[in-house]
Every structure is written in structure tokens, then in C-alpha cells.
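Novice: Going down the list, the protein sequences come from chains S and V.
First residue of the first sequence? That's 654 in the numbering used here, and the numbers climb one at a time after it.
First residue of the second sequence? That's 654 in the numbering used here, and the numbers climb one at a time after it.
For each residue, glycine too, the CB sits at the ideal point set by N, CA and C.
Take this structure first; my questions come after.
There are 2 protein chains.
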Amino acid sequence: MEAFSFHNPTKILFGEGQISGLGAAMKQDGISKCLMIGGTGSLKYNGAYEQIVRALNDAGVELFESWGVQANPTLDKVKEIIAQVKESGVEAILAAGGGSVIDTAKAVAAGVFLNDPWNAFTGTEKIRKAMPIYTVLTISATGSEMNGNFVVTNMQPKQKWGMFSPLVYPKLSVIDPSLQNTLPFKQTANGAMDAIAHILEYYFADDKALSTLAINEALLRTIVEMTDRLKRDSKDLVARGNLAWSATLALNGLSAVGLKSGDWACHSIEHAFSALHPEIAHGEGLGVIFPAWIEYLSEKYPTRFLPWAKNVWKEDSIALAVRRFRDKLQRWGLAASLRDLGIKQNELPILLDMIMVQPEIGGVFKLKKEEVRSLLMLAF
Amino acid sequence: MEAFSFHNPTKILFGEGQISGLGAAMKQDGISKCLMIGGTGSLKYNGAYEQIVRALNDAGVELFESWGVQANPTLDKVKEIIAQVKESGVEAILAAGGGSVIDTAKAVAAGVFLNDPWNAFTGTEKIRKAMPIYTVLTISATGSEMNGNFVVTNMQPKQKWGMFSPLVYPKLSVIDPSLQNTLPFKQTANGAMDAIAHILEYYFADDKALSTLAINEALLRTIVEMTDRLKRDSKDLVARGNLAWSATLALNGLSAVGLKSGDWACHSIEHAFSALHPEIAHGEGLGVIFPAWIEYLSEKYPTRFLPWAKNVWKEDSIALAVRRFRDKLQRWGLAASLRDLGIKQNELPILLDMIMVQPEIGGVFKLKKEEVRSLLMLAF
């Protein structure tokens, strides 16, 4: 088992009505003014906004609001919110939404102390400080509620880049699965695929972290089963809760223990899809590229991929497991190919250039430009 | 899924040679003087002591030493070390050893701020403050390296009581599995059984936390497989590492998510065994009572116990799974009955009185005195 360090200081409050604990927690941390960052308004339909206002009001924490974060959040929005933070003099950020909102909050919390928030991504400036972040999660997918990762898109030039800092772990995240009851199933499924992808980025990296691999198989099976249950009944709170917690664990460090830094080639590839076409949901893009990536690599490294077939899909053949995986995603209503995603064949060279900013991608299974070209063709 | 809160702030450094990071971490936390608490000297054989001295020396952290903590650590020892802490003026505790040493360190770290450290256990005083704790783990068993639990025995009267405080989570724990290569197999097996017991205390508590149950099954299977491998080869570092990490996860909060507060009847019962006979290893005592407890309760609640038989032991019958569990423990060289543990029949009434300080034990499956008597007879 590879050496590792593990440290996850985020506190989780999980369950229905747990938003009520948010104000008291902020007060205890000495926060008197906070800026809530929200998306495009679903908070007002699922009941979260009302509960947040009440919790902060009860605790005497003054609430400022910044709305309008979109999927694939942009650097421009981050800069706009940083200006609001400076103007209002808030002491904390409350991210109320999904991964895009939480990622934006992280870029803001760190970026407020930098000359330019994009400098953290380019490496020009180092993150040495960040404002405290609290979150209320409204869709389980990215795991951003319990990690130090964030992804932001710079529109000039189109770059969707990821970043990690131990300073932006949320102090406290509220996961109330019942807030997700009103999600369209497609969004639940995209979130589930995102969580599956996080686990898979680590799963194939090493075959000696047997404890982590066993946990990851348990999480993969649970995510698939719970998503199937939610397809039948979107208000199945047992399934909703177990999917939510599995998605959090999928990228909170636990699934990575002893598995190096993971591979992340599929994420690099998908980031190009949704940078070029911001309407592509991250999870759906991953659902197209991941089965193709497994199919492509398993020819070369069958022993590394066979346990996934056996222990997750109960299949003795990788090809059959890939088919089961693809069928499952299609039954969830997700795209099966790049074409389904709305990508045109003449865009493949553009995508390839966007993906190959380095001569190779993939932390474990190195892929050169020609190989990524073949992989894109396979996924097309 | 039951509501829960989760917060585990302990940082883990895992792998061979990781003790070297200890001094720098302490220095970064502003520690200039620390008291190392040790057991009966194995640190000097497994190489840990030498590495600790070097790491602290390199970082300029002054090291004081307190040796002689025994299995089933006592309140008297805690008081003795508190006096040393006060005299030396150290700012932190470094627990170098197994669960007994770490538990002692926690009782010291909190007890130093109380009128009497036992007051925390009786509830007379509340823990409001604790010294920072660092640990170097030398045997994987109790999970104390990544939780806020500690158990201490008061010899007058004989009471082995457990305690929890969020203030005594270690700041940093070093888990170097190679330090455990020199352990006699019996101790490895006792530790494995202790970790199994921690998972089982939660596992049967609820059937809706499907994500946690799947993780717990993964951990149970991994612990059994890795212990089997270590029986064949005590220097199998892959098995050693995966057993160590599984034992940490068995009681760091993860295995408890959505499973109420667990049951803990078997722990209450075992604490009486080893309070009466301090030579009984906690893990071995648990290995006697747990199969009996499952056998006893599964007659009344078969549906609650069947998933354990199926998913951990691949048996369709609980009785067969209990037999497999008992056989496994016996093959590991652990006692199969109270009699094997050296307990005499005329001691059963004494044990029963020690166990039944309340009219019932068991957080999930309530057991009255008569039922515990039957259970003890079954285990005898």
C-alpha cells in the first residue's frame, strides 16, 4: 500500500432540517456577516433558501446574497463576487447549491486574497489564505462539499481548469437529501455518474490498496443501486440519502487512500467537452468518455480492469461489464456517444488541441495525442 | 438514513518512515516541549523510539518520556502522568504505542485541566479543554489513533469505563504498518478482532444506511483476509497496511454513519471480563462474546442478522456464518469460550453484577439482567 496523508477537517451535518444548525455554527465561529452565493434560483423552490434565512436570522448573522452562478462556473463570475465580498465586508461565504456554486465559493474565498483569482490556477500566485466557507448542498455530484477541489472556466481563452488547496475545505457542510427530491431525474443521474467517475479515477491506479478498493467497489455498487431506485421513485429518501453520502465519500479523500493521485485523464477530456459546449453537463460527458476509456485501456491492461468487472458488475468479462455500464447510463437517459452529446466530428481536432496542453495526459495510464485521438473516435 | 453529524479532524501520515514528519508538524503547531507516553518498551525493539527521538531532535522539539503504560490502562497511571505533565511544563502529548497508550494520553490531555481525571468518566466535571495529542501507532486495534474515545480502568472499585470527547481527537497520527511486523501473531489477531467488533457494534443497528453497511461489509471481509495473510507471513506489508487502515476506519466515525450510536452491549460485557482479569486481551474477550451475542439475538431478529451472514461470510444461514466466524477466530489462536479465557463458573455472578450497572445494556438490542446471564452461559 502506497504511503499517504489524509486530512479532512470538514464537518458534515446530514439529514432533513439540518440547515437549522447553520446559524449557530457560524456564530460559534465568530461570523457576524456572510455572503450567500446561489445559482439560478432553485433554492427558492426546494425550501433551502427559506431555511437558510431563518437559521441565520435566528443566530443574528447578517446575510448578503449573490445569485446567478451557472453550471461550468466562470472566472468572470468569480471576479464579480470578489468585488461584492470586498464591498460588503463579509467574514464568510455560504455556498448554497451544487458543485458549481461551491467551486465558485472556493475560488472567491481564496481569490479575494490574490491579485487575480486566475493566478492560483496558472501557478503565478500561491493560495496562502482563504475565507471560511459553509455550504448547503442541493445536488450530490462533485463532492465539493467535503474537499478542497474546485474547477473554474476562463472564457478567454476557453480553459476549464481544476485546482486544489487544503485551505478551501468547507468548515461545515449541510447535506439534506430531501432538498434533492425535486430534481429532474436526469440531474440526479448526471450527479451519480460524476460520483462514479471520481471513484473510477482512483480505482484502477493500484492493485495493493485492497481496503480502499473494497470500499470503492461498495460505493460504486451503492451508487448504481440507489440511482436505479430514484429512477423508480424520486422521493425515495433512503436511496436519496445513501446516494448523497456515497457521492460525498467518492471525492473526500477516502476513495483515494493508497491509490497515488489517481489518473484523471477522463476528467481532462471531459473538461474540454464542456469548455467547448458549456451546455454539456459534466456528469453526462464523463458517462460518454469513461466506458470508452475502460474499453480502450483494458485491452492493454486486462488484469488491472478485471476486478472492476467482477466486483462491481459481477461479470467475468470486461467487455460485458463495459456493456452493462453503458446500458445502465443509457437507461438513466444519459448520452451514449460524443455525437449524442451534440459534438460534431469536425470539432474533434479542436477538442484534441484543448485536451493536449501537455504532451501526455493521465497520471497512471499515460496517453499521448495519437492515443487520445483514437479514444475520441471510439467515443464518437 | 438516520440524520448524523460527522467531523474527524485528525490528520493521518501513513506508511513506512512517516515518523520523520512528526517533529516538523509539532514545530508548525508551535510545540517546543512534549511528553512521550510509552508502554513497556516494545518501541525500543521495533525502531519507533529511535525514529521519534531523531524526528523531534531534528525539529528542535524537547522530548520528555513517561513509560510503563500497561494493557487495560489504569487511572493511577493517568494521575501519575498528569503530575509529570505539570512538573515538566510540556505543551503536547505524544502517545507512542497501541490503544492503551493512546487512551492514557487522552485521559491525561483532558484530565490535566480537571480536579480529578475520573470526574470526566463519572460526569462530575465536563471536558472543556485538552492538550494537543500526537500519536505513533504500534498496533492496529482500537482505532484510538483517529477518534475521541478512550477507556480507563479505575481499580478501586474495579470499573473499566469508556469516554468520548471531541477535544481529544489526535491532531496527527503516524501509522507506519512496518512497525507491526515484529508483533506476535496472537496480538495481530486480537487487534483484528477488536476492529471487527467495532464494526459489528454499528453494523446491526439499522438497515437503511446502505452505503455504510456496504462499506462495513467491505471492511469486515478485508480485515479477515488480511489477518489470514499475516498468519501465513507476518511481514506481508500489503496485508499489514490494509489491516491497519481498515482498523482505523472501523472506529473513526465512518463505520457509524447513519447507524445511530451503535449497540455496544458486547463492549460493556467484555470490559467486565478484562476489569476482573486484566490479563485478558480486549480483542480476545470480544471474540468470545460477539459470536455468542449474534447467535443469541439472531433467533429473535433473523432478518437483521442475515445480511451479515450473506455479505460477509457468503452463507445463507446465520448459524453457519457464526460457525465460520468462530472457526476463524480459533484458527487465529483466540479463545473460543469464557472458560478458555480463564474465567471460572463461580465468577459469572460477579461479572453479571459488574456488567449490569444499569437495568439494561445495549443501545439497539436492549438486554436485561436475565438475558445477559443466559448470554454469559452460552459463551461459557
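Confirm, please, whether the CB-CB distance from Lys813(S) to Ser1034(S) is below 8 Å.
Specialist: Residue 1034(S) lies beyond the stretch modelled for chain S, which goes from 654 to 1033, so this question has no answer here.
Novice: Whose C-alpha, out of Thr865(V), Ala934(V), Asp756(V) and His920(V), is nearest the C-alpha of Met1009(V)?
Specialist: With distances taken between Cα atoms, Met1009(V) lies closest to His920(V).
Novice: What residues are listed by DSSP as bridge partners for Trp814(S)?
Specialist: Per DSSP, Val805(S).
Novice: Is there a Cβ from chain V that is less than 8 Å from the Cβ of Glu669(S)?
Specialist: Answer yes: the Cβ-Cβ gap between Glu669(S) and chain V drops below 8 Å somewhere.
Novice: Thr875(S) touches chain V at which residues, Cβ-Cβ below 7 Å?
Specialist: Chain V residues near Thr875(S): Leu863, Ser864 and Ala867.
Novice: Thinking just about the alpha-carbon of each residue, which of Ala918(S), Pro944(S), Arg874(S) and Arg885(S) is nearest to the one in Lys967(S)?
Specialist: Ranking the options by Cα distance to Lys967(S), first place goes to Arg874(S).
Novice: For Thr788(S), which residues in the same chain have their Cβ closer than 6 Å to its Cβ, ignoring the five residues on either side in sequence?
Specialist: Excluding sequence neighbours, Thr788(S) sits near Ala748, Ile755, Glu798, Pro823 and Ser826.
Novice: How far does the beta strand (DSSP E) with Phe719(S) in it extend, from its first residue to its last?
Specialist: Here the sequence assigns Ser to residue 719(S), which means Phe is not the residue at that position. Counting along the chain, the beta strand (DSSP E) containing Ser719(S) begins and ends at Glu715 to Ser719.
Novice: With a threshold of 8 Å between beta-carbons, can Ala858(V) be considered close to chain S, or not?
Specialist: Ala858(V) does not count as touching chain S.
Novice: What separation, rounded to the nearest whole angstrom, lies between the Cα atoms of Ile996(S) and Gly752(V)?
Specialist: Approximately 57 Å, taken between the alpha carbons.
Novice: Could you tell me which residues DSSP pairs with Met689(V) in its beta bridges?
Specialist: BP columns for Met689(V) point to Glu718(V) and Leu747(V).
Novice: What are the start and end residues of the alpha helix (DSSP H) that includes Thr795(S)?
Specialist: No alpha helix (DSSP H) contains Thr795(S), which DSSP labels as neither H nor E.
Novice: Is the beta carbon of Pro662(V) within less than 7 Å of some heavy atom of the ligand GTP?
Specialist: Among the ligands in the structure shown, none appear at all, so the ligand GTP cannot be discussed.
Novice: For the stretch 924-975 of chain S, which segments carrying the alpha helix (DSSP H) assignment without a break, of at least 4 residues, lie completely within its bounds, in sequence order?
Specialist: Taking only runs of at least 4 residues, the alpha helix (DSSP H) segments lying wholly in the stretch 924-975 of chain S are 935-951 and 955-966.
Novice: Select from the stretch 908-926 of chain V all residues with a C-beta closer than 9 Å to any C-beta belonging to chain S, and list them in chain order.
Specialist: Per Cβ criterion, the list reads Val910 and Gly911.
Novice: Assign Pro1002(V) to one of three DSSP states: helix, strand, or coil.
Specialist: Pro1002(V) falls in the helix class under three-state DSSP.
Novice: Any beta carbon of chain S sitting closer than 8 Å to that of Pro662(V)?
Specialist: With 8 Å as the cut-off, Pro662(V) counts as an interface residue toward chain S.
Novice: Between Ala745(V) and Phe803(V), how many whole angstroms is the CB-CB distance? I'm expecting something under 8 Å.
Specialist: Contact flag wrong, Cβ pair sits at about 17 Å.
Novice: Rounding to the nearest angstrom, what Cα-Cα distance links Pro960(V) and Pro726(S) in this structure?
Specialist: For Pro960(V) and Pro726(S), the distance between alpha carbons rounds to 43 Å.
Novice: Exposed or buried, which one is Ala736(V) when buried takes at least 16 other CB atoms within 10 Å?
Specialist: With fewer than 16 Cβ atoms within 10 Å of its Cβ, Ala736(V) is classed as exposed.
Novice: Determine the burial state of Ala867(S): buried for a count of at least 16 other Cβ atoms within 10 Å of its Cβ, exposed for fewer.
Specialist: Result: buried.
Novice: List the residues that DSSP assigns as beta-bridge partners of Phe659(V).
Specialist: BP columns for Phe659(V) point to Ile665(S).
Novice: Going by alpha carbons, who is nearest to Gly750(V) out of Ser887(V), Ile690(V) and Lys779(V)?
Specialist: Selected option, being the one with the closest Cα: Ile690(V).
Novice: Shortest alpha-carbon distance to Lys680(S) belongs to which of Ala708(S), Ile665(S) and Asn699(S)?
Specialist: Among Ala708(S), Ile665(S) and Asn699(S), the Cα nearest to that of Lys680(S) is on Ala708(S).
Novice: Quick one: is Glu870(S) near chain V, going by C-beta distance under 8 Å?
Specialist: Interface residue, yes.
Novice: Note the first and the last residue of the continuous alpha helix (DSSP H) segment covering Ile684(S).
Specialist: Looking at the DSSP string, Ile684(S) is not in any alpha helix (DSSP H), and its letter there is neither H nor E.
Novice: Could you check whether Ala862(S) and Gly796(S) sit closer than 8 Å to each other, using their CB atoms as the reference points?
Specialist: Their beta carbons are not under 8 Å apart, which means Gly796(S) does not touch Ala862(S) by this criterion.
Novice: List the residues of chain S whose Cβ lies closer than 8 Å to the Cβ of Val891(V), in chain order.
Specialist: In chain order: Met654, Lys861 and Leu863.
Novice: Looking at C-alpha atoms only, which residue of Pro1012(V), Ala974(V), Trp946(V) and Ala988(V) is the closest neighbour of Met1030(V)?
Specialist: Among Pro1012(V), Ala974(V), Trp946(V) and Ala988(V), the Cα nearest to that of Met1030(V) belongs to Trp946(V).
Novice: Which same chain residues end up closer than 8 Å to Lys1021(V) when comparing Cβ atoms and leaving out the 5 residues on each side of it in sequence?
Specialist: Cβ neighbours of Lys1021(V) beyond the five flanking positions: Pro1012 and Glu1013.
Novice: Suppose you measure from the CA of Gly700(S) to the CA of Leu675(S); what does that come to, to the nearest Å?
Specialist: If I take the Cα positions, the gap works out to 15 Å.
Novice: Could you please tell me which residues of the stretch 739-750 of chain V, in chain order, have their CB closer than 8 Å to any CB of chain S?
Specialist: Here the close residues number zero.
Novice: Since Phe857(S) contacts Arg984(S) with CB under 8 Å, what's their CB separation in whole angstroms?
Specialist: In fact, because the Cβ distance is near 24 Å, the residues do not count as touching under 8 Å.
Novice: Contact check, Asn905(V) vs Asn800(V) under 8 Å by CB: the rounded distance?
Specialist: The Cβ separation is near 5 Å, so the contact holds.
Novice: Three or more C-beta pairs under 8 Å: does that hold for the stretch 875-882 of chain V against the stretch 968-977 of chain V?
Specialist: Verdict: no, contact absent.
Novice: Is DSSP giving Leu675(S) helix, strand or coil here?
Specialist: Helix, per DSSP.
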